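Structure record follows, encoded as structure tokens.
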Amino acid sequence: MQEEEPAVPARDSSLIRPYARTGGRTTARHDLRLETLLSTDESRLHRASNDQAAMMRLCLQPRSVAEISALMKIPLGVTRVLLSDLITLDLVAVHEPGDKPNMALLERVLSGLRRL
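For reference, each letter of the sequence shown is one residue, going 1 to 116 in UniProt numbering.
Here it is as structure tokens:
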């Protein structure tokens, strides 16, 4: 009597190696900071592939690069490469944070710290 090998569990098709999604690329064409906000609108979704559309749906309301990475559950480097592709294809808009700090906000923070 021959023993059968244990059955190998079926793999989840959503388990794709992160860098396979980028075609092995590790460098983004655009400099995207963690706090950089991106947005899009529904009219652009029809131009995207299924993978791109999933990321773009998150951008229907402005979201940071860090948020998108966390919600997509993919590494930050991969997220930056994929978002960079969307920017190049004009599928998402980039909203860079201002270079100067908001003085009113800084004064409120300072005031709050003094009250502690």
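Even glycine gets a Cβ: it sits at the ideal position worked out from N, Cα and C. Source: prediction; values computed, not measured.
### Query
Just how far apart, CA to CA, sit L38 and S69?
Residue 38 sits at position 38 when you count from the first residue of the sequence shown. Residue 69 sits at position 69 when you count from the first residue of the sequence shown. Cα-Cα distance, rounded: 12 Å.
### Message
Mapping the DSSP letters down to three states, classify R80 as helix, strand or coil.
### Response
Position 80 of the sequence shown, counted from the start, is the residue given in the question as residue 80. Three-state DSSP puts R80 in a helix.
### Query
How would you label H46, buried or exposed, when you count the other beta carbons within 10 angstroms and need 16 or more for buried?
As a position in the sequence shown, residue 46 is number 46, starting the count at 1. Classification of H46: exposed, given that the 10 Å Cβ count is below 16.
### Message
Suppose you measure from the CA of R11 to the CA of I87; what does that come to, to the nearest Å?
### Response
Taking the first residue of the sequence shown as 1, we reach residue 11 at position 11. Taking the first residue of the sequence shown as 1, we reach residue 87 at position 87. Because the pLDDT at R11 is just 44, under 50, the model does not fix this residue reliably, and the point stays unresolved.
### Task
For my contact list, V92 and T40 are in at a C-beta cut-off of 8 Å; report their separation, rounded to the angstrom.
Mapped onto the sequence shown, residue 92 falls at position 92. Mapped onto the sequence shown, residue 40 falls at position 40. At roughly 5 Å, the Cβ-Cβ gap stays under 8 Å, so V92 and T40 are in contact.
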